[in-house]
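Colleague:
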Amino acid sequence: MKKYLLYPGCSMESSGRAYRDSINAIVEPLDLHFEEIDDWNCCGATEYLGINLIPAYSLIARNLALAAKQTHPVNGTEGTRTVVAPCSACYLNLAKADYYMQERPSLGVKVNEALAAGDLQYTAGTLDVRHLIDILVYDVGLEKIRSAVVRPLHGLKVAPYMGCMLPRPDYQHRWSDHEHPTELDDLLRALGADVIDYPLTTSCCGGHMTQIGPETAFELIRRLVADADERDAQLMATVCPMCQMNVDAYQNEMNRFFGTDYHMPILFFTQLMGLAFGREPKELGIGVELVNSRNALAHIGVEVPVTQEPTAPRKKVEGLPMPRRWTKHEGRKEAVK
Amino acid sequence: MTEKVGVYVCHCGSNIAGTVDVEDVAHWAAEKLGHQGVIIAREYKFMCSSLGQELIEKDIKELGLTRVVVAACSPHLHEKTFRIAAKNAGLNPYLVELASIREQVSWVHSDKVVATAKAKAVVSGAVSRAIQNAPLEELKVPINSNTLVVGGGIAGIQSALEIANAGFHVYLVEREPSIGGHMAQFDKTFPTLDCSACILTPRMVEAGTHPNITLLTWSEVTNVAGYVGNFHVTIKKKARFINEELCTGCGICQEKCPKKVIDDVYEAGLGYRKAVYTPFAQAVPNFPVMDKDNCTYFEKGTCKACEKFCPTGAIDFNQQDELLHIDVGNIVLATGYDLFDARRVSNYGYGRLPNVFTSLEFERLSNAAGPTNGNIVLRDGKTAPKSVGIIHCVGSRDRNFNNYCSVICCMQGLKFAHLVHERTGATVYNFYIDMRTAYKAYDEFYQRVLEEGTLFVRGKVAEVTDAARYSNEKGKLIIQTEDTLAGKQRRIPVDMVILSSGLQPRHDAKEVGKLFGISCSMDGWFTEKHPKLDPVATMTEGIYIVGCAQGPKDIPSSVAQGAAASARVLDKILQKEVALEPIKATVNKEMCSGCRICNGLCPFNAIGFLADDNVSEINPALCQGCGTCVAACPAGAISGTGFSNEQIIAQIDGLLMRNLEPA
Amino acid sequence: MTDHNFEPTIIGFTCNWCSYRASDLAGTARMKYAPNVRLIRLMCSGRLDPTFVLRALSEGADGVMITGCHPGECHYIEQNYKALRRFLLLRRVLTGLGIEPERVKLVWASAAEGARFASETTAFVEEIRKLGPLNWGKDEGERRKDEEGNKNSSFIIQPSSFEKEVPA
Amino acid sequence: MPQMTDERVRAGLTHEEDLSLLHEVSMKTAGVSRLEMCIQCGTCGGSCPAAQDMDHTPRMLFAMLRAGMREEVLRSNTQWICVSCYHCVVRCPQEVHIADVMYALKGMSIRAKLYADSTAPDFSQTFIDMVESYGRSFEMGLASRHYLKHFPLRLPGMMPMGLGMIFKGRMALVPKKIEQMDQLKKILDRAKQLEMIS
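This is the structure in C-alpha cells:
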C-alpha cells in the first residue's frame, strides 16, 4: 500500500464536504493510504498573496514544513515525499511556494526565517506536491480504476471540467496539456461515462470574483454552463471545491442575473467514481449540491444492458483528412515531415 | 639550446597604452625574463602596421631571434599577420606567440596598476609557452573535384547547377522520390506572386538532365569518412521496386494501384496518393516509387496490379536497397527545414478544430494541382469560407516553442491574405505581433494587401475556439485576441483559420550534423563558420551549409546561399590542393600500450588501430586537433602539436610567475 | 569570513571556438570584470588534461576555471562532454586531496556570450575570495617569501583599485 | 523623479515618469517577474477571461509600468479583476509571471491606498483576519461580514442559497481552529516584520 500525505484544505470541511466523503469512499477499492497532515492551516487561497508576500508564503510553507515531518513509513506503507491536495487552489499554492522558494532563493531564506519563529523549517524541493487526479491517473492508473468499476456510467453525458489552477502554470510539467488536458476525460471514460468534447475545460469559474465582482463571475459561470448545455451535457464533473461552489451555488443567482434558466448540476469526479464503484449516492454526498443531479443520474440509475457505443459517422469521401491529434506525451521529437 | 626570444608590446594607439603601462611591461620582460632567453623587448605604437612588422622582421634577421612574442590583440585578429611576417624573415611561423593584452586586459579592466600587472603575467605565460613551441609545417592534400550536394530543394538545386555548369561533377542526393523540396509544394511565391512550379520546374529539369549531375533520389547518406578534398561517402539508394532502365514514367501503375494513402509529405496530409506513386506531375526524375509499408502486395502477398498493367515490365518486387560509395572533395548540405508542428499550440486548436489549417496545408489548398484543384474550401471539401483569419508567429518568437523569428511567416501570411481575397472574396484578417517586411519589394506587397482591404489586427492571438459565447459566434471559429492598438479584447468569428507556422530544424538535424561532423546551434540549425563574414562555410573544412539548414530564410536568400557555397567549392577545386592546419595529434608508438582508449574518443574517426603492432595510429589528415585523445592517453603516448603538454604547462607556470629571474 | 584583502589568482582554460571568443567579445564590448583570471587557450575543452589543473593549483593558483562550448554545441561534435566527465572526476580527486572542490569551476559560454563570460568570471573570483588562499604545494618558508615578494612587486592588487562592477 | 512643474502641466502632461516603478514591481513579485521582457504582443489581454471588466488590459498595464505611470497603474482595477486563471501565464511568449505581478500590484495598491473600489481589498483583509484568528478559513463568518458591508442588497437574493448551504451541511456555523494557533501567529508576525524590512 502506498502512503500519501493529505492536505485537505478548508473547503473540504464545509462547502466541499461531499468531495471528502467521496474521496473516503474510493481510497479503499484503490488501495490508497492517505495520511492527513497534522494541524495543517489554510493556504491563504488567492487572498493572502495580494496583501503581503512573505506572510503569504510563510502561511503556505508552514504546511510544507509540517508535512516534511511525516514522510516516514507507517505500518505497512512505504515512506513518501508526496503531498496530495484535492483542491486545485491549495495544490497550486503549495506547488508554487515550493517552486518559488527555489526560483528565488532570497524568498526561501526569508520564509525559513519566519518559520524558524515557530521552530519549523522547510527545504524547497523536499516534497512533491501533486493533485488527487494526478495520483489517480498516473500512480493508480486507469487500468486499476477500470477494473474497480462495477456500475459503468454508460449513457451519462459528462462535461469534464478541469478548471484553471490545476493544469496551469504547471511548474513541474505534470499535465498532458495546459489548455486541453486529457486526464479527466480519460478517467471519466474509464468509468464508462459518455465524455463530451468540452472546449472550456480549463476556463475559469470566476474564483473569488463571486465575492468581490459578482458580475464578472456570473459571466464566467454563464459561459461554462451555457457551453456545457449547448453540447448536451447532463452534468459537469469537477476536480476543485471552488469550481464546484461557484458553478453550483451561484448558478441560480447567475440565472437571475441573465434571465436564463440553466440547470447544470456539477459533481466532483470522485463522486462519479464512487457511483461507478457501486457506492450509494448518500455515502458520496450526492444530494447536497444545490443544482440537483437527480435527473442526470437517472440516466444511469436504471441498469439497462449496454449496447455498443455509437460510432462516429463516416467522413464523407470528398472531406479532407484531419491531422493526428497532438498530446505532449507523444514525445518531443515528433515533427511534420 | 637557449632560445633567443623577442618581446614586442603593442600600444594599439591608446587602446592598450591607455590602460596598460606598455613601457613598463616591455622593460619588465627584458629584465625579469632575460634568463628565459628574452634578449630584446620593444614597445611600438601599432605592431600590426607594416613598420611594426618590419621591426620584428629586422630583429629576426639581425639578432637571430628564434622565438617571437607579440603582446597585442587577440590571436584571432592578427596571429596570421605576425606569422607571415616571421615567415618572410625566415622564421617558422609557428614559433610566433601572441599574448592578448587588449581583449583580455586593457579593454576589460580600468585600473592601470592592476591591468599592467596582469599584462605582465600574460606576457610571462606567452614567453614560457613560446620557448616550448616547435616549428610546424602545413600539410597539403589534393582536392577531389567531385562534389556532393545533400538535399534537392531550391538551395541544393542551385548549388548543384552552379558547380555542374562550371564543368565539375556533382552528386545530388535527395531523400524523397523527387527533387523540388518545399518550393514544389507552394502555389505562389511572394512578393511577385510568380507561380512556384513555373519558376522551379525548369531548374529541376535542368538538374535532372545535366550531364555533370548524378541525381540520386530516394537515397540517403549513411556514412561520411575522410576530410576536405577527400571525403568518402556511403549513400543508401532505397529500393524503388521500379526498374529505372525500363520505366517510361507513363503513370499507368499509379492509376491501377488500388491502395490509397494519405500523403503526409507532398500534400502535407491534406490529400491522397497511391502506394506506388510519383509525388507530383512534374517530379524529377519521373519514375514512381513503391511505398513498401503501404503496398498491398508487401502486406498480404497478393495484388501486383501495377505489375500486371505495366507496359514495359518495369515493376521489380525483388529490388533491394543499394549502397553506393563515392569520393568527393567538398560537400554542400541543403537539408532544409521542418514545418513547426502547430498541434503543439493547443490553444489554436489545430488537429482538434477541423477548419484550422497550417500554412503548408493552405499552400496545397490554393495550388491548382492540389487536392481541391486550387479551390479554397473548408475541410468538408466544398464550402468556401466567407471570412478567414491568418495568424502569424505560430510557434515562433515564443519561449514555449521556438524563440527565434522564422523570417518568412509575415510575408507568407500576407501572400495568403492576397490569395484568399482574390479567390474567394472573403473577409480576411491578419493577426500579427510585428509586421516584418524587410527586403526588396516586400513592404510594397504589404501595402498592396492593405489596399485590397485585408484587416490587420496587432495582437498575438490568444486562442481559437468553437465555444460560442454570443449568438453571432454559433458555428464559427472564434479568434480571441487583444487588439493592442485599440487596447481592447476582441472576439472575431471566422470560417477558416490559417496558421502561419514557423520553420524549425529538421527533426534529424543533430544526427545529420554528427554524420558530417558539423555542429548545431542551441535552436538546432547548423552553425556557420562566422555569422557575418563566413555564412556558408562551417567549422569543418570542405563542408558548406545553404538554405534553411543554416537558419530560416526565404527563397531568394536560399538561392543566393546555394550559389555562394558553389563559389566556395569551385575556389577549393581550382586550388587543386588544400593546406591543413598543422595542429595535430600523433602517437608515439614506443609508448603506446595498445589500450585503445583513444580510439573511441575521436569524433572524426581519425584514430585507427594497427593490430599487428598493437598500437593506435592517428591519420593526420583526419585529425582536427581538438586534443581530447592527448589528454586521455593514460600512457602519455599521444602528443599534440601546437598545444603540447610542455607548451601548456610552461604557460601555466609562466602565468603564475614561476619563471621569473631569481631574486 | 571573507578576507577582502585577499586577491585570488585564477587560471582559466578556454576553448578556441567559444569561450575564448566570448572573452574576445567581452573585450570588444568593453565589459569590465574581475582581473584575477589569466587565460590559457586550448583548441577544445576536451584537451584539458586534469593534471593541468593540479599543476596550476600546486604552482600557486587559488582556483581554476574551465570553460567550453555549451553541451551539444562543441566544435568537435561532443568533446566538451568529455571535459564535463573529467571535471566531475577531478572534483572528486580534489576532495580526496583535501582541497575544496569548489576551487574548480566549469562554465559553458558560447562565442556570443561575452556578458556571461564576464559575470561568471567575477562571480568565481568572489567564490574563491570566500574560500581564501590555497597555498598548496608550498612550504611555510616559501609562502612567507611569496608574501614578502608580493609586498615589493607591483603585482599585488590593492583592494581599492579592484573593479567589481559587471554589466548585467 | 521628475517634478510636475507648471511647465509640464501646461504642456498637457498628466503624470510623472517614475522609471523606478518597473524595478519596484519586479522586486515585489514572487519568483522572477521577467516584466522587462514584455514585447507587448497582447497574448495576456487576449487570453484574459475578465478583460472586458478591466480598465486596462494587462499588456497595457505593463506598458504603463514601463512608462512609470505609478498612480494610474496602482489606481487601475486590472489587478483586482484578475481571476488568477493563469491562461496568460502559460501562453505568454516571454514567460512573464503575469499572475504574480498582479498579486504584487494588489499589495502596492493597498499600501498606497490607491484602489478605486474597496470590495476586493476588504474581502482579502476579512479572509486574512479569519485565517489569522483561526488558522483556517471560515466561510460563514467571511460571507456574512463581507456581504453585510459590500452587498447588503444582494443578501435577500442570496438567502435561499445560504440557507441551502447550511441546511445541506455545507456551511459550518462555528469556525474550526487549528491547535497550534500561537505557533502560526509567531510565524506570521515574524514574516510581517521581514516584509517591512524588505
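If you read the sequences in order, they're chains Z, X, R and B. Quick note on my numbering: the first sequence kicks off at 1 and runs consecutively. Quick note on my numbering: the second sequence kicks off at 1001 and runs consecutively. Quick note on my numbering: the third sequence kicks off at 2001 and runs consecutively. Quick note on my numbering: the fourth sequence kicks off at 3001 and runs consecutively. Glycine residues also receive a C-beta, built at the ideal position from the N, C-alpha and C atoms. Predicted model, so just to flag it, every value in this text is computed and none were measured.
1. Name, please, each residue of chain X whose Cβ falls closer than 9 Å to the Cβ of Thr3057/B.
2. Taking only the alpha-carbon atoms, compute the straight-line gap between Val1233/X and Ile1518/X and give it to the nearest angstrom.
3. With Phe268/Z as the anchor, note down where its beta strand (DSSP E) starts and where it stops.
4. Are at least three pairs of beta-carbons, each pair with one atom in the stretch 3144-3154 of chain B and one in the stretch 10-27 of chain Z, less than 8 Å apart?
5. If we define contact as Cβ-Cβ less than 8 Å, is Asp261/Z a contact residue for chain X?
6. I want to know whether the stretch 26-40 of chain Z touches the stretch 3173-3184 of chain B - three or more CB-CB distances under 8 Å.
7. Just reading off the alpha helix (DSSP H) that His3087/B is part of, what are its end residues?
8. Tell me whether the beta-carbon of Ser88/Z lies closer than 8 Å to the beta-carbon of His154/Z.
9. Write down the C-beta distance between Ile3039/B and Ile1433/X rounded to the nearest angstrom, noting that I regard them as a contact closer than 8 Å.
10. Could you pull the start and end residues of the alpha helix (DSSP H) that Lys3185/B belongs to?
11. For Ile1408/X, which three-state DSSP category applies?
12. Does the stretch 1476-1489 of chain X come close enough to the stretch 238-245 of chain Z that 3 or more CB-CB pairs lie under 8 Å?
13. Any C-beta of chain Z within less than 7 Å: which residues of the stretch 1258-1279 of chain X qualify?
14. Mind checking Leu1655/X: buried by the 16 CB within 10 Å criterion, or exposed?
15. Mind checking who Ser1616/X pairs with in its DSSP beta bridge?
16. With a threshold of 8 Å between beta-carbons, can Arg1658/X be considered close to chain R, or not?
17. Do Thr46/Z and Val208/Z count as a contact pair if the criterion is CB distance below 8 Å?
18. Secondary structure at Trp2108/R, three-state DSSP: helix, strand or coil?
19. Kindly indicate which three-state DSSP category Gly1251/X falls into: helix, strand or coil?
20. Compare the C-beta of Glu179/Z against all C-beta atoms of chain X and say whether one is closer than 8 Å.
21. Assuming Ile1235/X contacts Val1173/X under a Cβ cut-off of 8 Å, what Cβ separation, rounded to an integer in Å, is found between them?
22. Give me the Cα-Cα distance between Ile145/Z and Asn63/Z, rounded to the nearest whole angstrom.
23. Figure out for me which residue from Ser3047/B, Pro3152/B and Ala3191/B has the closest Cα to the Cα of Val3090/B.
24. With a threshold of 8 Å between beta-carbons, can Asn1375/X be considered close to chain Z, or not?
25. With a threshold of 8 Å between beta-carbons, can Asn1367/X be considered close to chain R, or not?
26. Rounded to the nearest angstrom, what separates Val302/Z and Ala296/Z at their Cα positions?
27. Among the candidates Glu1057/X, Leu1063/X and Gly1052/X, whose CA atom is the shortest distance from the CA of Lys1004/X?
28. Would the C-beta of Leu92/Z count as close to the ligand PLP, meaning under 7 Å from any of its heavy atoms?
29. Who are the near neighbours of Ala97/Z in its chain, counting only those whose CB is closer than 7 Å to its CB and skipping five residues on each side?
30. Can you grab the Cα-Cα spacing for the pair Gln211/Z / Ala298/Z, in whole Å?
31. Do you know offhand how far Lys316/Z's Cα is from Asp186/Z's?
32. What residues in the stretch 3158-3171 of chain B have a beta carbon less than 8 Å from any beta carbon of chain Z?
33. Measure the Cβ-Cβ separation of Asn1212/X and Gly1542/X and say whether it is below 8 Å.
34. Determine the extent of the beta strand (DSSP E) in which Asp1263/X is found, giving its start and end residues.
35. Please report the distance separating the alpha-carbon of Leu1419/X from that of Ile1154/X.
36. For Tyr250/Z and Ala217/Z, which I take to be in contact (beta-carbon distance under 8 Å), what is that distance rounded to the nearest angstrom?
Modeller: Taking the geometry as given:
1. Residues of chain X passing the Cβ test: Glu1482, Thr1484, Gly1487, Lys1488 and Gln1489.
2. Note on geometry: alpha-carbon atoms of Val1233/X and Ile1518/X lie some 15 Å from one another.
3. DSSP places Phe268/Z inside the beta strand (DSSP E), whose first and last residues are Ile266 to Phe268.
4. Counting Cβ pairs under 8 Å, fewer than three are found: no touch.
5. It does not; no Cβ of chain X falls within 8 Å.
6. Taking 8 Å as the limit for Cβ pairs, the verdict is that the stretch 3173-3184 of chain B does touch the stretch 26-40 of chain Z.
7. It spans His3087 to Arg3091 - the alpha helix (DSSP H) in which His3087/B sits, taken as one unbroken run.
8. No.
9. Their Cβ separation, rounded to whole angstroms, is 7 Å, which keeps Ile3039/B and Ile1433/X in contact under 8 Å.
10. Boundaries of the alpha helix (DSSP H) around Lys3185/B: Met3181 to Ile3197.
11. Collapsing the DSSP output to three states places Ile1408/X in coil.
12. No: the two stretches stay apart, fewer than three of their Cβ pairs being nearer than 8 Å.
13. The residues in question are Ile1262, Asp1264, Val1265, Gly1269 and Leu1270.
14. Buried, because 16 or more other Cβ atoms sit within 10 Å of the Cβ of Leu1655/X.
15. BP columns for Ser1616/X point to Phe1609/X.
16. Cβ-Cβ to chain R under 8 Å: yes for Arg1658/X.
17. It is His, not Val, that sits at residue 208/Z in the sequence shown. A contact, by the Cβ cut-off of 8 Å.
18. Strand, per DSSP.
19. When DSSP states are grouped into helix, strand and coil, Gly1251/X belongs to the coil group.
20. Against chain X, the CB of Glu179/Z has a partner CB under 8 Å away; the residue lies at that interface.
21. With a Cβ gap of about 6 Å, Ile1235/X and Val1173/X count as contacting.
22. The alpha-carbon atoms of Ile145/Z and Asn63/Z are separated by roughly 30 Å.
23. Selection Ser3047/B, Pro3152/B and Ala3191/B evaluated against Val3090/B yields Ser3047/B as nearest (Cα-Cα).
24. Using a Cβ-Cβ cut-off of 8 Å, Asn1375/X does not count as an interface residue toward chain Z, since no Cβ of chain Z sits closer than that to its own.
25. Answer no: the Cβ-Cβ gap between Asn1367/X and chain R never drops below 8 Å.
26. Bear in mind that the predicted position of Val302/Z carries a pLDDT of just 37, short of 50, making it unreliable; the figure below should be weighed with that in mind. Near 12 Å, if we compare the C-alpha coordinates of Ala296/Z and Val302/Z.
27. A check of alpha carbon separations from Lys1004/X across Glu1057/X, Leu1063/X and Gly1052/X identifies Leu1063/X as the nearest.
28. For the ligand PLP, the structure offers nothing, since it holds no ligand at all.
29. For Ala97/Z, where only same-chain residues beyond five positions count, the Cβ hits under 7 Å are Tyr57, Ile60, Ala61 and Leu64.
30. Gln211/Z and Ala298/Z have their alpha carbons spaced roughly 33 Å apart.
31. With a pLDDT of only 47 at Lys316/Z, under the threshold of 50, the placement of this residue in the model should not be trusted, and no figure is reported.
32. Within the stretch 3158-3171 of chain B, contact with chain Z at the beta-carbon level (separation under 8 Å) is assigned to Met3158, Pro3160, Met3161, Gly3164, Met3165, Lys3168, Gly3169, Arg3170 and Met3171.
33. In this structure, Asn1212/X sits away from Gly1542/X, with a CB-CB distance that is not shorter than 8 Å.
34. Annotation: the continuous beta strand (DSSP E) that includes Asp1263/X extends over Lys1260 to Asp1263.
35. Leu1419/X and Ile1154/X have their C-alpha atoms roughly 23 Å apart.
36. Rounded, the Cβ-Cβ distance is 7 Å, consistent with contact.
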